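There are 2 protein chains.
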Amino acid sequence: MTKEDVNYMQIALQEAEKALEKDEIPIGAIIVCNNKIIAKAHNLSETLCDSSAHAEMQAFTAASLYLKSKYLKNCTLYVTLEPCVMCSGAAYWAQIDNIVFGAFDKKFAHIDKKALLHPSTMIKGGVLEKECSEMLSLFFQRKR
Amino acid sequence: MTKEDVNYMQIALQEAEKALEKDEIPIGAIIVCNNKIIAKAHNLSETLCDSSAHAEMQAFTAASLYLKSKYLKNCTLYVTLEPCVMCSGAAYWAQIDNIVFGAFDKKFAHIDKKALLHPSTMIKGGVLEKECSEMLSLFFQRKR
C-alpha cells in the first residue's frame with residue numbers, strides 16, 4: 268500500500284460519502300491516468316433506478332469519454348469496495364491496468380473475480396479497508 | 268424452443284442488423300415483459316466509445332426506466348449472443364426472470380456464466396443459433 272494509494276482512496280471515499288448523502292449504498296470510485304484524476308463517480312442505483320449504475324461503471328464510461336478511447340491504458344481504478352462480477356467484466360473490456368479496492372466483498376467471496384479480469388489487469392485490495400467497510404456498515408445499520 | 272422464442276429472437280436479430288450497418292459487432296437484444304417488448308438495443312461500443320455499451324446493458328437500463336424498477340420481474344432478455352461476464356453480472360443485479368440467447372460464446376466457454384446469474388434466472392441458448400452466428404461470422408470475415 269503506497270502513500271499514493273491512500274491519498275487516492277481518500278478521494279474515492281469522498282465520492283462514497285456523496286452516495287451516502289443520497290441514501291445510496293456508499294460506494295465511490297475514481298480513475299487515475301498518469302497521476303491525474305480523470306473520472307469520479309459514486310453509486311447511483313436508486314437515484315437512476317438502474318441496478319447497473321455502480322460507481323465503477325460510471326467511472327469507466329466517464330474515463331473512456333475523457334480519453335476518447337474504449338481502452339483505459341495507463342489507468343488505475345480506485346474503488347471503496349471490491350468490484351462485483353458486472354464491474355469486473357466491464358474492467359475486462361476496458362483492459363484497465365490496475366484496480367485498487369478498499370473493503371473486501373464478503374458476500375461474493377466464492378467467485379474468483381481475478382479470473383474474470385483481463386490477464387493484464389493487476390488487482391490489490393484492503394487499502395483503507397477499515398474506513399471503507401465502516402461507511403458501508405453505517406449505511407446498513409441505519410437501514411435496519 | 269417455442270414459436271415465441273423464434274419470433275422474439277428475429278426481432279433481436281433486426282437489432283443486430285442495425286449494429287452491423289454501423290460497423291459495430293452485430294449483437295442485438297430486446298426485453299419482453301408480459302408479452303410486450305419494452306426495450307430494444309444493439310451494440311454501440313464503437314459509436315459511443317464505451318466498451319460497456321453492449322446491447323444487453325442498454326436494454327437493461329431502458330427496461331428499468333420503462334418499468335420504473337431496478338428489478339426486471341416477469342421479463343425475458345432475448346439476445347443474439349450468449350451474454351458476457353459483465354452482462355451476466357448486470358442480469359444478476361436486475362434479477363431478470365429469463366435469458367434466451369442465440370449463438371454460443373465460444374471464446375468464454377470456460378467461464379460458467381450460469382454460476383454468475385441470480386438463482387432465480389433461467390437461461391436457454393441456441394435459439395436461431397445459425398442465423399445469430401452467421402451474422403457475427405460475416406462481420407469478422409469482412410474485417411479480415
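Quick mapping for you: the protein sequence lines, in order, are chains Y and Z. The first sequence maps to residues 268 to 411 in our numbering. The second sequence maps to residues 268 to 411 in our numbering. Every residue gets a Cβ at the ideal spot worked out from N, C-alpha and C, and that includes glycine. All figures in this text were calculated on a predicted structure; none of them were measured in a lab.
Around the Cβ of H377 of chain Y, are there at least 16 other Cβ atoms within 10 angstroms (buried) or fewer (exposed)? exposed
Are any of the Cβ atoms in chain Y nearer than 8 Å to that of S400 of chain Z? no
Determine, using beta carbons only, whether I390 of chain Z and K381 of chain Z come nearer to each other than 8 Å. yes
Give me, in chain order, the residues of the same chain whose beta-carbon lies closer than 7 Å to that of C399 of chain Z; leave out the 5 immediate sequence neighbours on both sides. L280, T347, L348, G369, A370
What is the DSSP secondary structure of T347 of chain Y, counted as helix, strand or coil? strand
Reducing DSSP to helix, strand and coil, say where G356 of chain Y ends up. helix
Listed by chain order, chain Z residues near A361 of chain Y by CB distance under 8 Å: S318, S319
Hey, would you say A283 of chain Z sits closer than 8 Å to I298 of chain Z, going by beta carbons? no
For F371 of chain Y, return the contacting residues in chain Z, with the cut-off set at a CB-CB distance below 7 Å. Chain Z residues near F371 of chain Y: none, gap ~18 Å exceeds 7 Å.
Could you say which of Y:C351, Y:W360, Y:V273 lies nearest to S318 of chain Z if we only look at CA atoms? Y:W360
Do L384 of chain Y and A358 of chain Y count as a contact pair if the criterion is CB distance below 8 Å? yes
Contact with chain Z by K335 of chain Y, beta-carbon distance below 8 Å: yes
Determine the DSSP secondary structure at C399 of chain Y, reduced to helix, strand or coil. helix
Does the beta-carbon of K335 of chain Z have 16 or more other beta-carbons within 10 angstroms, so that it is buried, or is it exposed? exposed
So, using beta-carbon positions, are T276 of chain Y and Y345 of chain Y closer together than 8 Å? It should be noted that the sequence gives Met, not Thr, for residue 276 of chain Y. It is a contact, given that the beta carbons lie within the stated cut-off.
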